[in-house]
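Q:
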Amino acid sequence: MTRIVAGAWGGRTLQVPKSGTRPTSERVREAVFSRLDALGAVEDARVLDVFAGSGALGLEALSRGAASAVFVEIAGGSAKVIRANIAALGARGQTTVEVSDGARFVTGLGVSDRFDLVFLDPPYALASYVITEVLAGLTAHLAPEGLMVLETSKQYATPEIPSGLMVSATKTYGDTLVNFLELAANQATSGGNAR
Numbered sequence: 003m004t005r006i007v008a009g010a011w012g013g014r015t016l017q018v019p020k021s022g023t024r025p026t027s028e029r030v031r032e033a034v035f036s037r038l039d040a041l042g043a044v045e046d047a048r049v050l051d052v053f054a055g056s057g058a059l060g061l062e063a064l065s066r067g068a069a070s071a072v073f074v075e076i077a078g079g080s081a082k083v084i085r086a087n088i089a090a091l092g093a094r095g096q097t098t099v100e101v102s103d104g105a106r107f108v109t110g111l112g113v114s115d116r117f118d119l120v121f122l123d124p125p126y127a128l129a130s131y132v133i134t135e136v137l138a139g140l141t142a143h144l145a146p147e148g149l150m151v152l153e154t155s156k157q158y159a160t161p162e163i164p165s166g167l168m169v170s171a172t173k174t175y176g177d178t179l180v181n182f183l184e185l186a187a188n189q190a191t192s193g194g195n196a197r
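Under this note's numbering, residues 3 to 197 are what the sequence shown spells out, in order.
1. Going by C-alpha distance, which of 142, 125 and 135 is nearest residue 114?
2. In this structure, how does DSSP classify residue 53 when only helix, strand and coil are distinguished?
3. What is the DSSP secondary structure of residue 175, reduced to helix, strand or coil?
4. Decide if residue 162 is buried, meaning its Cβ has at least 16 other Cβ atoms within 10 Å, or exposed.
5. Entirely within the region 130-184 and at least 4 residues each: give me those alpha helix (DSSP H) ranges in chain order.
6. Determine the burial state of residue 47: buried for a count of at least 16 other Cβ atoms within 10 Å of its Cβ, exposed for fewer.
7. With distances taken Cα to Cα, identify the nearest neighbour of residue 157 among 116, 128, 33 and 88.
8. Bridge partners for residue 71 per DSSP, in chain order?
9. Check residue 14 in the structure and name its three-state DSSP category.
10. Does DSSP classify residue 4 as helix, strand or coil?
What follows is the structure, encoded as structure tokens:
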């Protein structure tokens, strides 16, 4: 069982796909959002949840005051679960669900598309170069003060962080490794829409 940890929908249960996903544990979500809340990164944020699975990360952000969320999930069954969770929470007006792989979605973004908060929780066994490709593509779509949260496993190769991004913090929760990424200093000053 997965549930929303806090905010307007705190305690509400979420459906999870029957197979093929590994939802972020409530303990990890609580720790991640504690940090994000302390940084003021969630309130009114435009959120992107890539490799969304059940949508728990993006829905947690909405519960805590994010303005909108786009969920990207390649598996049709998982996308159906995300839509069901959105409907159960009454969040249709704040959300979009895209059935696509992360790399294809990123290449289809418009020049002006910007996100304040991006979650990437890829399958642990996904090739690290694919994750690096998605990170690199998203660099142009991260708002200047925006953050990316990348969840990986200590058991697999850590993806290379593209030159346009820098790691601002790394936290370990059991086998889970969470990197908080932001634009490198020279990227943040080159343009984009501030929150």
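Here a beta-carbon is modelled for each residue, glycine too, at the ideal position from N, C-alpha and C. Every value quoted in this text rests on a predicted model; they were computed, and no experiment measured them.
A: By the coordinates alone:
1. Among 142, 125 and 135, the Cα nearest to that of residue 114 belongs to 142.
2. Reduced to three states, the DSSP call for residue 53 is coil.
3. If DSSP states are grouped into helix, strand and coil, residue 175 belongs with the strands.
4. Around the Cβ of residue 162, a 10 Å sphere holds fewer than 16 other Cβ atoms; the residue is exposed.
5. As far as the region 130-184 is concerned, its whole alpha helix (DSSP H) runs of at least 4 residues are 130-141.
6. So residue 47 ends up on the buried side.
7. Ranking 116, 128, 33 and 88 by Cα distance to residue 157 puts 128 first.
8. Under the DSSP definition of a beta bridge, residue 71 partners with 49 and 97.
9. Note: residue 14 maps to coil in three-state DSSP.
10. Correct three-state label for residue 4: strand.
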